[in-house]
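Just below is one structure, and these are the notes that go with it.
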Amino acid sequence: MATIKHNEKEEQVDDGSNIKAACEALGVPFGCRSGYCGTCKITILSGSENLSPLTPEEDDMGRDLQHRLACQCKISKGIVEIKIDA
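Next up, the structure:
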């Protein structure tokens, strides 16, 4: 099991799964869920090495490995700590 952390809360997800549901439970806002609206922008505080590579949608929005779209990320293992972008 992998873990997504935000503030003092955390959500467990299966290794290799999309982090969308866990982030949503932690308060990350979602609009379109397809990588086009940008409402789910997050900053990776730690554990970026446990996430999938950038998707074309993230690249198109100018995101990088520390600044992701939660709807596009998958976690391979371990713990990823996030912050919601304003």
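Residue numbering for the sequence shown follows our numbering, starting at 939 and increasing by one per position. By construction, the Cβ of each residue, glycine as well, lies at the ideal position given by its N, Cα and C atoms.
In whole angstroms, give me the CA-to-CA distance for residue i and residue j.
| i | j | result |
| --- | --- | --- |
| Cys975 | Lys1021 | 18 Å |
| Cys978 | Asp1023 | 8 Å |
| Met939 | Lys1015 | 7 Å |
| Glu948 | Asn956 | 15 Å |
Kindly indicate which residue of the options has the alpha-carbon position closest to the one of residue i.
| i | options | result |
| --- | --- | --- |
| Pro967 | Leu1007, Gly985, Lys943 and Ser1014 | Leu1007 |
| Ile980 | Pro994, Asp998, Lys958 and Cys970 | Lys958 |
| Leu992 | Ile982, Leu983 and Cys1011 | Cys1011 |
Identify the residues that DSSP records as bridge partners of residue i: which are they?
| i | result |
| --- | --- |
| Ala940 | Val951 |
| Leu1007 | Lys979 |
Tell whether a beta-carbon distance below 8 Å holds between residue i and residue j.
| i | j | result |
| --- | --- | --- |
| Gly985 | Glu1019 | yes |
| Ile1013 | Val951 | yes |
| Glu996 | Gly969 | no |
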